[in-house]
Structure formats: structure tokens, C-alpha cells
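Here's the structure we're looking at; comments come further down.
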Amino acid sequence: MNSMKRDKKDEEEGGGGGLFSSLDKTTVLQEARLFNETPVNPRKCTQILTKILYLLMQGEELGTREATDTFFAMTKLFQSKDIVLRRMVYLGIKELSTVAEDVIIVTSSLTKDMTGKEDLYRAAAIRALCSITDSSMLQSIERYMKQAIVDKSPSVSSAGLVSSLHLMASSGEIIRRWVNEAQEAANSDNMLVQYHAIGLLYAVRKTDRLAVIKLVSKYTSLAVRSPFATCMLIRIACRLMEDDPDNDSTYQDFLESCLRHKSEMVIYEAAHAIVNLKRTGARELSPAVSVLQLFCSSPKATLRFAAVRTLNKVAMRQPTAVTACNLDLENLISDSNRSVATLAITTLLKTGAESSIDRLMKQIASFVSEISDEFKVVVVQAIRALCVKFPRKHGVLMTFLSSLLREEGGLDYKAAIADTLITIIEENPEAKETGLAHLCEFIEDCEHTALAVRILHLLGKEGPRTNKPSRYIRFIYNRVILENACVRAAAVSALARFGALVDELTTNILVLLCRCEMDSDDEVRDRAAYYRCILENQDRSLSSHFILNEFQEGEGEPREGMLMTEKKPSAVTKTRQETLAQQLLNIPALAALPLGQLFKSSMPTDLTESETEYVVQCIKHVFPQHVVLQFECRNTLPDQLLENVRISLEIPAGFELVSEIPCPRLEYNTPGNVYSCIRLPDDPQLAMEGTFEATMKFVVKDCDPNTGLPDSDYGYDDEYIVRNDPEVYFLFPLRFLEYFWFYLQLEEVEVATGDFLVKVIEGDFQSAWDGLGEENQVTETFELPYKSLEEAVTKIVKFLSLHPSERSDRVQAGKTTHTLYLSVASLRFLLTSFL
């Protein structure tokens, strides 16, 4: 008894088999010599046979010689009358019959036991005999097998039927002659005998479709007692329905009748079959879903799990059919079985309404740490589908996913979350910046090299096209400082893309690449030098071909942990300015104007604070004779819809408003653009001093926060005036001004010198300067309001938007004088003014 307790404890502690965990094959085969002793010791022989079977089950392979010697030694145990030992011998014969030679030597002994009077021996002897019998020997025992199939003992009959089923592969013609005996066994009162008999009949007739139809028709019209046999008939009927859709009404009635069976096994099998039929419509699906809904409240955990798992699959194809079960599924969220709770919550995510997402996310957060990574991946996949279905809820869902990224988990789990965030970013433009921010936070503590490389690749691809690309540089460069060589190399490539796509950042990127050239890893150094050389050359075609299109996670031999992707040919990647120019051309009203080629597009400027109800940013697009002001507006109120949104400008002297393009509709959290095209003055000095006061005007309609549809077709005019005050920031609808009078200074949009200049990189500044000639040189003295040379250099470079050449923006400590070289390319009609 103490030994048994110790074995049980070892098993619970993962002992790997207790006393058998350290077995040696050679030692066990030497112990098998004990089989030759006379008299036989049943207890010791049983233990040795158990060890041999354990080794075989663990995948240990015996050679032909070893198996044959052990097999023949085992045959000598037939002289023992011990029941346990004799049944162990039968198991040993079955396992060694495929390896040992001359196994037919035990045929006579097994036949004797098969036809004996001891039922405990007969069933096991039949199974062992059929495992060593081939087609030539089967005819000699055919009479005994037929008798066994119709035997009164259920164990003997079941053994004969199952053995016959196994022999179908090698001796199908002989087995087909036993149909009468199998049909007689199918009328047995024993559930397993009936199940095995119908299974044998189907195996015999499965190549004859008409015979299968007759078989199913016969037994579906009878009251089959065995629930196992009924489940088999359900599966066969489903195959027939899939193969012949024109004659499935009879089988459909049979499936629906099984939903009212007294066995829960049959009820679930029928419901599972109905919902998985390819042509199941809403009408046929309804009774099956109702049954599964009842199982959701079953006291048996197995039924609850089966029901919610099946409903989860239904929700993938027909989510509306599962909506009626939402209340029952919500009750399962707190189920003690976390597998059931996980499936319930993922099903609700596929069927729930947009208004319930916040509540579901809170419920998931309460138990997600208690489930395995496998089920966490299921939750993440459901959230991915939900983001596609309800794009307006991306904020809540991405916040939840980012919290999962900070928890413990393996690579597959974290990769699933990252894949989901990347999918959301690619499919929902509104979620891009939020998603990139979450991924930036994640790579700060990411332990998986492959995942960090992939995120850096995404940052290099999407980051330069955001409103504020500079915010991602710090996160990328931190990887150069803190991570391994593989991640550092990917970070260098990402930095190069920012330098190629964002002109305003090229100077800073070159400085960072210079620092990367001192890295300890040769690939990081080579990449940094390679990209720096291309960026300094200022050739768009070179940057597009060698930086943008060739941006891969790894060149040459792959490093350990690096994700490899198939390299596909792609078109030349456009810069940010080229992309914006194309967007402007896609607007018919602007394309019809004689604007010419786009010279420069500024970075977005905030005209309101981000916390206000209506957020406005401005981008200035400068053309040879015009400037186009693009106002990107965003409505942050879910219960309001704005229509006919326009920006009213006060045009200063010299400027001329050419065209105004309003935004016809501004929905909640969906950006919309308003454009104003203004002709520049002929006097360059006036063009650099343009200041525009802006007022946002629109029509407001109250709407349903869930659907975004307006409550009525009528709205009221409204306008926002923005005041930019260092201490107080006001944002008021003018409809309130009949009660309160305010003087609100308008936010100003300035067109300054920097808007007409772009940075250029001049390799040999002195030669270029001398080439201009003395007639183009002017020397003047200015007084600058700065406390130090470092501050003066920084402010001048920023104000003029010029590029410092030959690293002249670096001021040595202690010096009182400094020469700053700045390179610039200006708009054509202003060229003489700035040179």
C-alpha cells in the first residue's frame, strides 16, 4: 500500500512514470529470461511484461532479433493459469507481432483460447490472433470469427467486430462475406456491439453509395439503442448530404429529430453536424443554436465547453445567429473553467454590439492573466476581427492589447498581439499613430529579437508618413544604444528611411548615422556608412532604390531570431512630399488650377489644442505662385455630425483667395480636409509676411453615438473661433455669444521665409560659395538676442530652415566667434532675394 501511494505521488509530481522512468531496454530484456523458468512466477513475469510494454509505448524500438527472442520466451507463459499474466501475454503478442519473426507459432494456442469456454481469454485471444493473421491464414479461422461476431458474450462479439474492421484493409473480400453475421450483431441490445456492428457494415459498403444510403435509411428509421451508433449515423448522413445536396430533406429531418434524443451525446453531435453543414441557412441553424444555448447552462463542464466552442465557430460565419445566446455567454465569463470563459468572451467579441465593447474589455482583463498562452492567442484573434468590424473602437481595443504586451508571455503570444496591432494600423488610418505609439513602448522592453526587428521595420515604413515623424526617432535610436547587433542593424535601416522620406529630419538622421559608424558590429557600421553616403548625395532615385525599396530586415545570411520574408518586386516608394502632391492632384478643384509643381509641404501645425472638441491642424503647400492651406479637421464629439465645414480666412493685402474647398461631412473621430488656395503677391517681401486669421464654420446635427446617423435632416449653423493665449485658451460656439460677449483673438496661420526654402546638402561648401561670385555676396552686421553661441546657432538654423554644411552647427566650448555655413534652395521667383 505504501508503494502504491508513492507511485501516485510521483505521477502527480510529473515523475514521468514513477518506478519505470529510468528503465533500461537492455536490462529489461535480460530480465525477460525469467520467462523460461519452471514453474512460472506470475507476479514477476507480469512486472517484466509491464516494463516491456511501457518501453514500447514510450517509443523504444526493439531490433528483429531482440523482439523475436522476447516473443518466443513470452510464448512459454501460456502454461500459466494466472488470468492477469495471460492477458498481459496477449497484449505483448499484439505489440511484438509486427517486429518479431515466425509469430504464427502461437496460432494454435490462440485459436484454442479463442474457442475455449473462458470468456476472459476469448476476447483478448481474438484480438491477438487477428494481429498476426494474414489473408492466407484468415480462411482457416473464418468459421470461428463468424461465431465470435454473433456470440452471446458482448465482449467476445465486440472483439470479433473490431478485429474484422481492422482486417478490412488487407482482407476486404473475405470480410464482406460476414455481412449476415454483422447485421445480426447490429440488432444486439448491447450498445458497444451495436455500434461496432454498424461501423463494420458501413466499412464494407462505403464504396457503394447506394448501399450506404440503404444502410442509413434502414437504421435511421429504426430506434437504434446505442448513442454511439446514432452519432455514427449522424456523421454518415452529413457526408451524404454534402455529396448529394438534392436529396438531403430526409437526412435533415433525421438530424433535427436527434436534437430531441434522450442522450446528451447524440443531441450535441446533431447540433454540431447541423451548424457545420456548408449549406445550412438561418432556418435550419436556429434549432441547433437553441440546443447549444441550453447546454451553456448545463452543470457539466464538458457540455458547457462543447456548446460554447461550437457557438464560437458559428459566430465566425454567421454572428447574427448567435446573438440570441449573448446573455448565456455573458454568464459564462465568470465560469470556474477558464477554457469555457475564454471561449465565451471571444464569442461575445464576435457577436456583441459596439456599445458593449468597453464592458467586455474590462471583463477580459479580470481573468486573462489566469489562462494559458494558447487561449490568450484566441482572445487576441477575436479582438483583431472586432477592430475590423468596429473601427471606431480601435482606441479601447489597442489600449487593451498594449496592456497584454507588457505582461509575461512567449514569442507566439507576443507575435500574435503585434500582428493584430500591425493589422489594425494597416487597415485603419486613424489608428496608425496610436498603434505605432504602443509598439514604440513595447520595443523598449521587448525580449524577442525577431519581434523587435519586425516592429522597427514597421516604424521605418509607416513612421515617416505620420504627422509628426520626429517623435519616433528617439525610440528607434534607443535600440542602437541598448540592443544586440541584429536589432541595431534594423534600427539603422529604419533611421535611413526617415532621412530619405522626411527632408526636415535628414540633417539629424545624418548625425545619428555618423554615430552608428562607431558601432562594434561590422554590419551596423557598414549599413550606417552606406545609408549616410546615399543621403548626403541628395539623389531621390538613389534613395528610393537603395534605401526605400531595399529596406529588408536582413541582407545576406539570416541571423538567429530574424524573421525572413519573401522579397517581392515593388514600385518606387514615394517621399512624403510626392505623396502629398499626388493627394492634391486627386482633388478635381485643385487639379484644375494652374498651380505648377509643388515646391514644399510644411509639417502640420496645431491650430487648436488636442483636448478640444474640434481639432484643427494646418499644412502649407507652397507652389511657384500659390500656397494651398490644408486644414485637417477632426470631430471628437460622438453625438454630433458636422456638415459643410469650411475655414473662413481674412486675406491680408497682396494675397488673393483663388479657391475654397469645404469638407461636406465630418463624422466622429474621422478626419476631414478643408482646402484654401491663395495666390501669392508679386512682391517677395509681402509673400514672406502673410498672416491669416481663421474661423471654422459648419452646420451641426445631433446624431446617435453608436451608429453615427443624424437624428434629423435639420441642423444649425455654428462656428468656432480660436484664441491663442499664453495663459488662457478659449474655444466657444458662437451660438452662445447672444448670452455672453467675448473678444476672442483668432488663431493665426503664418506664411514665413522658411516656407519658401528647402534644405540642401552641399559637399564642398567653400567651392560652391566661391562659384557664386562676389556680386552675389553681401556682408552685414546683426545683433542677436541670444545668450550663447550654441543657442544662436540652433535658433538660426531652425528659424531659417537651412542645412548646416560641414558640421558647422557644432560650436566648440570656450570660443567667442564661430562661422556657420548654411545651404539653401529657394523658390524660383525668390532666388535673387535670398542669394
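To convert, count from 1 in the sequence shown and add 1238; that's this note's numbering. Note that beta-carbon positions come from the ideal geometry of N, C-alpha and C, so glycine has one too. As the structure is a prediction and not an experimental result, all values here were calculated from the model.
- In this structure, DSSP gives G1701 a helical state, which the three-state scheme calls helix.
- Closest by C-alpha distance to D1993, out of G1946, E2021, A1925, V2016, is A1925.
- Following the DSSP letters along the chain, one finds Y2024 in no beta strand (DSSP E), marked with neither H nor E.
- N1564 carries a helical assignment under DSSP once its states are collapsed to helix, strand and coil.
- Counting every other CB atom within 10 Å of its CB across the protein chains shown gives M1554 a total below 16, marking it as exposed.
- Take P1702, set aside five residues on each side of it, and the residues of its chain with a beta-carbon closer than 7 Å to its own are R1735, F1736, L1739, V1740, R1814, in chain order.
- Secondary structure note for K1939: its beta strand (DSSP E) is the uninterrupted segment 1928-1940.
- Assigned with DSSP and collapsed to three states, Q1923 falls in helix.
- Counting every other CB atom within 10 Å of its CB across the protein chains shown gives F1273 a total of 16 or more, marking it as buried.
- By the C-beta density criterion, M1934 is buried, having at least 16 other C-beta atoms within 10 angstroms.
- Annotation for F1273: no beta strand (DSSP E) segment contains it, and DSSP assigns it neither H nor E.
- Distance check between E1568 and each of T1843, A1932, K1551, T1589 places T1589 closest, using alpha-carbon atoms only.
- By the Cβ-count criterion, Y2024 is exposed, with fewer than 16 other Cβ atoms from all chains shown falling within 10 Å of its own Cβ.
- Following the DSSP letters along the chain, one finds P1902 inside the beta strand (DSSP E) bounded by residues 1901-1904.
- Taking a cut-off of 8 Å for Cβ pairs, the stretch 1774-1789 and the stretch 1845-1852 do not touch, as fewer than three such pairs fall below it.
- Contact between the stretch 1937-1949 and the stretch 1911-1919 is absent: fewer than 3 CB-CB pairs across the two stretches fall below 8 Å.
- For S1914, the enclosing beta strand (DSSP E) stretches over residues 1910-1917.
- Taking C-beta separations shorter than 8 Å and ignoring five residues to either side along the sequence, the partners of L1696 in its chain run I1660, I1663, L1674, L1677, following chain order.
- In the three-state reduction of the DSSP assignment, Y1292 falls in the helix class, which pools H, G and I.
- A direct Cα-Cα distance of roughly 29 Å separates N1666 from S1950.
- Excluding residues up to 5 positions away in sequence, T1704 lie with their Cβ nearer than 6 Å to the Cβ of E1671 in the same chain.
- When C-alpha distances from G1698 are compared across A1732, R1271, R1726, the shortest belongs to A1732.
- Take Q1855, set aside five residues on each side of it, and the residues of its chain with a beta-carbon closer than 6 Å to its own are P1842, D1844, E1870, in chain order.
- For E1380, the enclosing alpha helix (DSSP H) starts and ends at 1380-1387.
- As the crow flies, the alpha-carbon of T1745 is around 34 Å from that of A1653.
- Under DSSP, N1873 takes part in a beta bridge, and its partners are Y1852, Y1906.
- For Q1601, the enclosing alpha helix (DSSP H) has its first and last residue at 1595-1603.
- Between I1331 and V1344, the CB-CB gap stays under 9 Å.
- Residue pairing of V1987 in beta bridges, as defined by DSSP: F1930.
- L1329 sits away from A1363, with the two beta carbons spaced by 9 Å or more.
- Residue state for L1659 is assigned as helix, using DSSP reduced to three classes.
- Look at E1480 here: in three-state DSSP terms it is helix.
- Here the C-alpha atom of V1749 lies approximately 18 Å from the C-alpha atom of E1761.
- From the listed residues E1905, V1860, C1534, H1864, the smallest Cα separation to E1881 is found for E1905.
- I1474 is classed as buried because its beta carbon has at least 16 other beta carbons within 10 Å across all chains shown.
- Secondary-structure assignment with DSSP links V1865 through a beta bridge to V1860, I1916.
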